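Asker: 1025 is the number that my numbering gives the last residue of the sequence shown; the numbers go up by one with no jumps. Yeah, the Cβ is synthetic: ideal placement off N, Cα and C, and Gly gets one too. Being a predicted model, the structure only gives us computed values, none of them experimental. Below is one structure. I have some questions about it.
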Amino acid sequence: MLRATVNHLSRASRRGLVGGRQFAVRYASFDAANQPRIRIGSTAPNFKAVTTEGNIDFHEFVGDSWTVLFSHPADFTPVCTTELGAFSTLKDEFTKRNTKLIGLSADPVESHEKWVKDIEEAATQGQKFDFPIIADKDREVAYLYDMVDEEGFKNLSKGPVFTIRNVFIIDPKKKVRLFMVYPASTGRNTAEVLRVLDALQMTDRTGLVTPVDWTKGSDVIVPPSVSTEDAKAKYGDVKEVKSYLRFTKEPLKSSFVPEGSSTQSRIMLALLGLGGLTGFTLAQGHDEKQGLVKDLEQTVSR
């Protein structure tokens, strides 16, 4: 049971109590017009839920970390069992990247606890399963995160809803930075989740972007908003294939996007999305850059 914190969602009048507090337990009807639409850059909806490690407030759980939230239509499913086991064995790799893992499955917590024992026996190579799984029995979080379509909503009481097969990467500012949806028949690729996490964190740190099939340590792309001259001054060697396609080595550290400055990171992404603005260069002074930041804040927040 949980309470969604998005006020415009349809809710039933039926309520339940957890820990002395009131939580909604069912949406009254599927409302396609008002169902949240999760997009890259959306604020991840907050919710309170029961998990295998106790009650959580999702935004409090995220805290100052990155978070990978991934969902499953039901417990004791073979593909999902292998996925949860694989993510658990890689938890240390995610921790190195300041990233928390949290699963979700559309069954009650008592079922999750039994499933975890199976996962430890069959899919974690003997290691302890070591992150929480949300009990989304009523598919409230699945609805909130745009995982349930109208047909799935109609069938909520008739068995698994197979569209609940998502991966969300959420940053410390609670923004959705990436999401992927898998069919029930296809296992997720944990290496790909780590790869895109590395890419997102590298872009936030440096302002550079990644080419196809990029892996950590490979060459990266200078965005159109940075001139070749400024890129050479900042990053050293720059290989120009086309005027708009220039490669450089991944910096170990960078100050193009000040570390910890989520606003500057988001502005860079906005500039890329707008096709690159030549005025936003390393040569500009702090005050001029801040003026551009203010001008673009509305664009970024849309």
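So which of K965, T775 and S794 has the shortest CA-CA distance to F902?
Answerer: When each option's Cα is compared against that of F902, the closest is S794.
Asker: With respect to the beta strand (DSSP E) encompassing I763, which residues constitute its N-terminal and C-terminal limits?
Answerer: Looking at the DSSP string, I763 is not in any beta strand (DSSP E), and its letter there is neither H nor E.
Asker: Return helix, strand or coil for K837, following the three-state DSSP convention.
Answerer: In the structure shown, K837 sits in a helix (DSSP, three-state: H, G or I).
Asker: For T913, collect the residues of the same chain with a Cβ closer than 7 Å to its Cβ; drop the 5 residues on either side in sequence, then sort them by chain order.
Answerer: Excluding positions up to five away in sequence, the list reads A809, F810 and L813.
Asker: Please list, in chain order, all residues of the same chain as V773 whose beta carbon is under 6 Å from its beta carbon, the five residues on each side excluded.
Answerer: The answer, listed in chain order, is V832 and A858.
Asker: Can you tell me whether DSSP reads M925 as helix, strand or coil?
Answerer: Three-state result, M925: helix.
Asker: I need the boundaries of the alpha helix (DSSP H) containing A1062, first residue and last residue.
Answerer: As displayed, the chain neither begins before 724 nor continues past 1025, which places residue 1062 out of reach and without an answer.
Asker: What's the gap between the Cα of Q745 and the Cα of T775?
Answerer: For Q745, the predicted model reports a pLDDT of 32, less than 50, meaning its position is unreliable and no value from the coordinates is stated.
Asker: Is the beta carbon of I1027 sitting closer than 7 Å to the one on T804?
Answerer: Residue 1027 is absent from the structure shown; the chain starts at 724 and stops at 1025.
Asker: Which residue comes first and which comes last in the alpha helix (DSSP H) that contains S811?
Answerer: Its alpha helix (DSSP H) spans residues P801 to T812.
Asker: Considering just the uninterrupted stretch of the alpha helix (DSSP H) at V871, what are its terminal residues?
Answerer: Looking at the DSSP string, V871 is not in any alpha helix (DSSP H), and its letter there is neither H nor E.
Asker: Cutting at 6 Å between CB atoms, please list the residues of its own chain near R911, excluding the five before and the five after it.
Answerer: Same-chain partners within the cutoff: E806 and Y905.
Asker: Ignore the nearest five residues each way along the sequence and tell me which others in V839's own chain have a CB closer than 6 Å to its CB.
Answerer: Cβ neighbours of V839 beyond the five flanking positions: F852.
Asker: Can you tell which of I887, R900, F781 and L867 has its C-alpha closest to the C-alpha of P855?
Answerer: Measuring from the Cα of P855, the nearest candidate turns out to be F781.
Asker: Among D927, E915 and V884, which one has its Cα closest to the Cα of K896?
Answerer: Nearest of D927, E915 and V884 to K896, Cα basis: D927.
Asker: Tell me whether L931 sits in a helix, a strand or coil according to DSSP, three-state version.
Answerer: Coil, per DSSP.
Asker: Taking the beta strand (DSSP E) that E963 belongs to, which residues open and close that run?
Answerer: Where E963 is concerned, the enclosing beta strand (DSSP E) stretches over V961 to K965.
Asker: On a Cα-Cα basis, can you pick out the residue from K957, K972, Y958 and S950 that is closest to S966?
Answerer: The shortest Cα separation from S966 among K957, K972, Y958 and S950 belongs to S950.
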